[in-house]
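Report on one structure; see the data block that follows.
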Amino acid sequence: MASEIGSERLSATHVADMEILVRRGMTKGYELFSLLTPPAYVAFVLMRKGKGHFTVNRFLRAAWVGGAVGCAGGGVLEYIRSSRASEVTVRNWRMQHAYDTASLRADDHSTIGAILFAVLTPAIFWKRASTVNLHDAHFSATVVLGGAGIGSAIGLLTHYGRTVTGDIAPDAQIPEIPIASS
59 MASEIGSERL SATHVADMEI LVRRGMTKGY ELFSLLTPPA YVAFVLMRKG KGHFTVNRFL
119 RAAWVGGAVG CAGGGVLEYI RSSRASEVTV RNWRMQHAYD TASLRADDHS TIGAILFAVL
179 TPAIFWKRAS TVNLHDAHFS ATVVLGGAGI GSAIGLLTHY GRTVTGDIAP DAQIPEIPIA
239 SS
């Protein structure tokens with residue numbers, strides 16, 4: 059009976075660690091695709107269709123759809139990777155990511171940028187309400203979500219800019235936690 063409780067607890071710990079890693083994978087996927095999608099979309103439209111087919115609405119839609127695809131893809135890839143690894147390995151990955159200050163700083167910059175641009179993008183396009191109907195619920199969601207995707211990319215670029223200019227995140231010491239093997 060005692061061994062069954064111990065194995066159930068380790069299994070629950072493994073699942074909790076996997077959940078944290080999957081959420082992190084989703085965040086990193088969103089950040090990466092929010093960074094890559096806008097320039098890729100602009101290059102695609104300009105090369106294939108020309109300048110006349112480029113619209114702000116489509117650009118913002120591509121930005122948020124790209125982020126959503128990255129979020130889903132990052133979560134799936136991390137789930138596959140974590141589910142195939144041992145409990146000790148998954149715990150070590152989680153601990154390394156929990157104390158990775160550069161990654162945490164990148165996440166913070168990305169989140170701040172996403173929030174700022176989710177609010178600023180509708181405010182910027184509000185004056186163009188006669189040509190762009192901001193009262194349409196679908197377009198409003200596109201503007202807010204697309205602005206969040208663009209802001210996430212700008213926040214991530216801000217983080218990389220700060221790192222290149224010498225403002226590096228400090229290192230954190232990872233504490234040694236003994237893990238009972240199953």
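Here the sequence shown stands for residues 59 to 240, where the numbers follow the working numbering.
Glycine included, C-beta positions come from ideal geometry on N, C-alpha and C.
Note that the stretch 79-93 touches the stretch 160-171; at least 3 beta-carbon pairs, one per stretch, sit closer than 8 Å. With distances taken between CA atoms, Thr179 lies nearest to Ala206 out of Arg163, Asp158 and Ala206. Our two residues, Gly133 and Arg82, have alpha carbons roughly 8 Å apart in a direct line. DSSP places Gln154 in the helix class (H, G or I) of the three-state scheme. In the structure shown, Thr113 adopts coil according to DSSP, grouped into three states.
The C-beta distance from Pro96 to Ala121 rounds to 5 Å, short enough to meet the 8 Å contact threshold.
Counted as a single uninterrupted DSSP element, the alpha helix (DSSP H) harbouring Thr179 occupies residues Thr159 to Phe183. Only residues of its own chain outside the window of five on either side were considered, and among them Ala230 and Ile232 have a CB closer than 7 Å to the CB of Tyr157, listed in chain order.
In chain order, Ala206, Gly209, Ser210 and Gly213 place their CB closer than 7 Å to the CB of Ala172, counting only its own chain and leaving out the 5 sequence neighbours on each side. Measuring C-alpha to C-alpha distances from Val201 to each of Val146, Gly224, Tyr218 and Val177 identifies Val177 as the nearest.
In the assembly as shown, His72 is a buried residue. Its beta-carbon has 16 or more other beta-carbons within 10 Å.
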